[in-house]
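Number of protein chains: 4
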Amino acid sequence: MLLASLLATAALMQDTVRFTPTIQQPTFAVREPVLTVKPNTVLISRTHFGPYYTPEDGAFPGEVGPVFVEGATTNDMLVVEIIKVRPNYKYAAAKLYPDFGGLAADARVRMLNDPNPGRRYLWQLDTVAMTGTTTLPNSRMKQVTVDLRPMLGRVAVAPRGGEAFTGLWPGNYGGNMDAPEVKEGTTVYLPIFHDGAYFYFGDGHARQGQGEVAGTGLETSMDVVIRLDVIKGKPIDWPRLEDKDYIMVAGSARPLIDAFRLAHIELIEWLEQDYGFDKWDAYALLGQVAESSVANIVDPNYTVVAKFPKRFLPR
Amino acid sequence: MLLASLLATAALMQDTVRFTPTIQQPTFAVREPVLTVKPNTVLISRTHFGPYYTPEDGAFPGEVGPVFVEGATTNDMLVVEIIKVRPNYKYAAAKLYPDFGGLAADARVRMLNDPNPGRRYLWQLDTVAMTGTTTLPNSRMKQVTVDLRPMLGRVAVAPRGGEAFTGLWPGNYGGNMDAPEVKEGTTVYLPIFHDGAYFYFGDGHARQGQGEVAGTGLETSMDVVIRLDVIKGKPIDWPRLEDKDYIMVAGSARPLIDAFRLAHIELIEWLEQDYGFDKWDAYALLGQVAESSVANIVDPNYTVVAKFPKRFLPR
Amino acid sequence: MLLASLLATAALMQDTVRFTPTIQQPTFAVREPVLTVKPNTVLISRTHFGPYYTPEDGAFPGEVGPVFVEGATTNDMLVVEIIKVRPNYKYAAAKLYPDFGGLAADARVRMLNDPNPGRRYLWQLDTVAMTGTTTLPNSRMKQVTVDLRPMLGRVAVAPRGGEAFTGLWPGNYGGNMDAPEVKEGTTVYLPIFHDGAYFYFGDGHARQGQGEVAGTGLETSMDVVIRLDVIKGKPIDWPRLEDKDYIMVAGSARPLIDAFRLAHIELIEWLEQDYGFDKWDAYALLGQVAESSVANIVDPNYTVVAKFPKRFLPR
Amino acid sequence: MLLASLLATAALMQDTVRFTPTIQQPTFAVREPVLTVKPNTVLISRTHFGPYYTPEDGAFPGEVGPVFVEGATTNDMLVVEIIKVRPNYKYAAAKLYPDFGGLAADARVRMLNDPNPGRRYLWQLDTVAMTGTTTLPNSRMKQVTVDLRPMLGRVAVAPRGGEAFTGLWPGNYGGNMDAPEVKEGTTVYLPIFHDGAYFYFGDGHARQGQGEVAGTGLETSMDVVIRLDVIKGKPIDWPRLEDKDYIMVAGSARPLIDAFRLAHIELIEWLEQDYGFDKWDAYALLGQVAESSVANIVDPNYTVVAKFPKRFLPR
């Protein structure tokens, strides 16, 4: 319903801005905007390209932004409608790192065990058929082909106060949530901690499994079309998402159970505020209809997406 | 493939046994069997009925079992094919407890906060239309109707050695996994810790959300048809599941991340053993295609189901 | 104060029983008692001896018990005064296991990393000088000698209901807490879940570091003198400890923070019930004077001991 | 041994600098230094004073710094010898917050339970007798007096790269570790992530319990004397501490077990690098002689201090 009215508004008085990023940002923070837009602007852009994606390998690119959104205040929420996320390059890269990953000891989850070997898998993308193929050098099945499901690992505003987090971090400002739900057709609502919001995006994944368990998705370069807008007078605490089937909240924290609880409790608050549910009724109903996905278990905070099916919302 | 060949075998030389449970079991443990069956037996039975399910409320019923499976040894795995799980009663009950639940302090996750209020929601089941309806007394939307998705919260063998766990516990022996995936069309493979396996089942849910976050599903009485069989010479460490789309592992532990890792690592071992994947190739591929669901965050161990889509398995 | 009055009572009308254990118990559970005693009995006994402690290596011995304590009911608490715990053998053994340990992936905290190597350290005990010495084969310092601090890893009652846990488990029934605080001069108060309490003890450590991080203490055979008594009409939820300086609570759970919270919150309840503290005053004061130790991070539940210095108790 | 040689060096060629702070810093980050010193400088200073400490209450003051240490590079470690930490004000304040604290649901560990009440305890300090006294309004014991044990909650360098964390965060750069071990007589060794180190300090506690479980220590203003020095060519990964009895490592992370493991594994690496221990010998020995304390369970990362008694080090 919210989504529907937003889309209606979007048809009117909408700006379109084309933007080619040049500066790669190392942290989510308040800094000099690379672009200023009005509310209800369609931004036609792309993620940064980096050698990380190429057969030659190399550094991972930073984020695009910050985009200053005029009129966005800390009493509002930022609307990020994902209109298009499509790979624009013929390769994607995925890595196993000895010191980063979800099912192995790493630099944050230290163990005395020897570290795992590092590996790199280069995937060939067919951006027409929307498939990706890689070799599995040591397996009986020598090659695997998957259908692509492009998404943005990172959409963010500048964090509260003077804090600055590298692009690896997700949090209440969004950031590196690595949620496959951030894809075409989804609208992300972000809290605003500074006037102007300071919007960032990046980290395209041609596909990613739930949990991003091995540490990366199919990392590649993306064409991106996003509509940025502001909903006035409705501040929120954590990123909310909406598609045609679900309202969702992305909670990010360690340990995993805290991310899980954050996401679900914020979802209950949304049900109370916007849909007239009693808190305990909402809790009880979630017990029967909640869905959820573990978005990542590798980043400095883990991310869980809690979902409420829209068919159970009041008309 | 495994499933297909099992179903083929099932067509031949299959026993059918009708069993009406009378003894309700308080723990998963080795004890006097209530029934002995041959491998490849279709068991037509039902869960225990208890006053917990009625408008009057009352005690929760225990499990059905143990069923002794002839010829099942600790070097084998037990096959539990879920042929039918259907509610056979007109009510289901769901509760909020002050000392049990996933989004609130409880007896295991202690906090100094005041406990939450307890509540009971009686749901009316239409077992023809397969819907359930309850009132939401304090919400704008006064009533909600959901489609039913019947499942068994508990399928188990007797735990290793002399251990005995109440029906609330899930573990490597199965138990109270509260996984919505344990439904019609799914086959569960269980480890065997004692000759004869000592199979138990119970805890029917007419529906349950992922995580069972409020502490219970739509608890009710079920008609159950299960095919029990043995795969010789293939011992496993944790419950495995299979349906037409996925091979899956259910890992149970606290904290949640340990359940998550257990499930995914056992899934990688399955991919290595049965499908010829190299360990690191399997890990890397899971990074792109893994799915997972948090089955419960309320029981003494939490349960996560890790899933690998069968369409990415070698032919 | 409680301790003082108990000791006074002990001087009167006290039974003394000598008991040499023969049956080794595999689980903490309700079973046929090996001995029945009256309240206020001094039990002169020893732990089981097993080949685990010898140069030849071998199986780890089970616990001593259960001792049935006459008149102990579920409305009481069991008093376990540790009068003597002294090694009676010239060796102690400590092991590194590939699948068990606190700073490495193990069977409960699964990781994809290769397992650690196993090792065994045989320690020579001087039970007069109360020192232990072992070789460090690959270190610059080829040998190390430590002062002994004998303790009992396990004191327990039978768990609630029909549950049975192997000797590795600690919980609200005590069990394998592996707390160095369970030593001469300490009194342990245990909950009672069955009339008669069904007391167990075992797992002598000639010394153990906090956290028992590598998986074992200096495991050896012990002479044990324990006074068993009952405090009527004061049921408790978790093991409490007392020595001349502290009142303490041992909380056992995973994850570690839950054990930490359980122990501290139960300590606050003790301060409220017996010493007249307001809940929030007690919480605030703990913020300034609490001490704590992590007893084990290797067992199926971790154990934390929360401590309140007796000098800050009301006179 | 390290400490002894450092102290010997300190007697020679030592600078002394008096510094009265005026700028209060909101985050640990690279910014314009407030002071530049040579290695081996005794800094005579104080923490910021803020209304938080007064009967009137008010904002909490920020940190002092950054101090630029000439010649300190990312290939070195920073030496922070705590010579004096003494309260210089007659009050200390301690608070219970509804949204911050270790034994209750808070903004990071969300629960559906109602929040706890907030409270403020004003403590009167006797800085000669070194005692603090407060009232316990609702308790039988109406007043409590404790001996003071002054410490610095925060010593830090600027975090790696462009990151900036509020004063609440501890991490590998030190920060808000809230470790009672950071007191007179202790030397803290910090990693260096930027040339010049950018040293910060603040957050004096007249006393604090282990875990800082209620959220604050006895927060007050401190006279501080610190010797800053550089050990060349010895980079480290996490803060190390040393006093006359122990070498220690402070690990900060969530969940608590990860902080615990980080601290102990870094301690093993220290034993390998500086004292010639084999990794597995060090692990096994820690199992018998390790001590540890939980410094805080309230900050964005929890902190654990792992300790190795110096009497077990090689001569």
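Residue numbers (the numbering used here), protein chains in the order written: chain A, 1 to 315; chain B, 1001 to 1315; chain C, 2001 to 2315; chain D, 3001 to 3315. The beta-carbon is built from N, C-alpha and C at its ideal position, and this holds for glycine as well.
C-beta neighbour in chain B for residue i, strict 8 angstroms
i	result
R140/A	yes
S292/A	yes
M3001/D	The predicted model places M3001/D with a pLDDT of 49, which falls under 50 and marks its position as unreliable, so this point remains unresolved.
F2308/C	no
G204/A	no
I2265/C	yes
Reduced DSSP category for residue i - H, G, I as helix; E, B as strand; rest coil
i	result
E3272/D	helix
V3230/D	strand
M1/A	Because M1/A sits at a pLDDT of 48, beneath the cut-off of 50, its placement in the model cannot be relied upon, and the following sentence gives the value as read from the coordinates. M1/A falls in the coil class under three-state DSSP.
I3297/D	coil
G3287/D	helix
D3178/D	coil
H1264/B	helix
L2241/C	strand
R2315/C	coil
A1214/B	coil
I3247/D	strand
D3015/D	strand
D3281/D	helix
A3259/D	helix
Proximity to residue i [Cα-Cα], best of the options
i	options	result
R1018/B	R1031/B, T1036/B, P1026/B, D1178/B	T1036/B
P3150/D	R3207/D, D3106/D, R3108/D	R3207/D
G1287/B	Q1273/B, N1301/B, R1261/B	R1261/B
V3067/D	W3280/D, A3094/D, P3021/D	P3021/D
G153/A	A107/A, I192/A, R86/A, L285/A	R86/A
T1186/B	Y1091/B, A1059/B, E1266/B, V1080/B	V1080/B
T135/A	A1306/B, W1280/B, F1100/B, A1290/B	W1280/B
Q143/A	E1212/B, S1221/B, F1277/B	F1277/B
Residue-chain proximity (residue i, chain C), Cβ-Cβ < 8 angstroms
i	result
E3212/D	yes
D99/A	no
L1112/B	yes
F1312/B	no
Y3283/D	yes
Residue-level contact to chain D via CB, residue i, 8 angstroms cutoff
i	result
P1137/B	no
P1255/B	yes
D2278/C	yes
Proximal chain D residues relative to residue i, where beta-carbon distance stays under 8 angstroms
i	result
M13/A	Within chain D, no residue comes near M13/A; the closest Cβ sits about 38 angstroms away, beyond 8 angstroms.
A1105/B	A3105, M3111, N3113
Closer than 8 angstroms to chain A by CB, residue i
i	result
L2262/C	no
N3296/D	no
Proximal residues of chain B, C-beta to C-beta of residue i below 7 angstroms
i	result
G2109/C	Before going on, a small fix: residue 2109/C reads as Val here, not Gly. Those are D1258, listed as they occur along chain B.
Contact set between residue i and chain D, taken where Cβ atoms lie within less than 7 angstroms
i	result
E163/A	T3027, A3164, F3165, T3166
G2153/C	Here the premise fails: no neighbours, minimum Cβ distance about 13 angstroms.
Neighbouring residues, chain B, relative to residue i (Cβ below 8 angstroms)
i	result
R240/A	Those within 8 angstroms of R240/A in chain B number zero; the least Cβ separation is about 17 angstroms.
Interface residues of chain A facing residue i [CB-CB closer than 7 angstroms]
i	result
Y1121/B	A284
Residues that residue i contacts on chain D, provided the C-beta gap is smaller than 9 angstroms
i	result
N1301/B	The contacting residues do not exist; N1301/B stays about 16 angstroms from chain D at best.
Could you give the uninterrupted runs of the beta strand (DSSP E) lying entirely in the region 3059-3147 of chain D, keeping only those of 3 residues or more? 3064-3069, 3077-3087, 3091-3096, 3119-3126, 3131-3135, 3143-3147
Please specify which runs of the beta strand (DSSP E), each continuous and at least 3 residues long, are wholly inside the region 2028-2062 of chain C, giving them in chain order. Whole beta strand (DSSP E) segments, 3+ residues: 2035-2037, 2041-2046.
Could you give the uninterrupted runs of the beta strand (DSSP E) lying entirely in the region 3151-3203 of chain D, keeping only those of 3 residues or more? 3151-3156, 3187-3191
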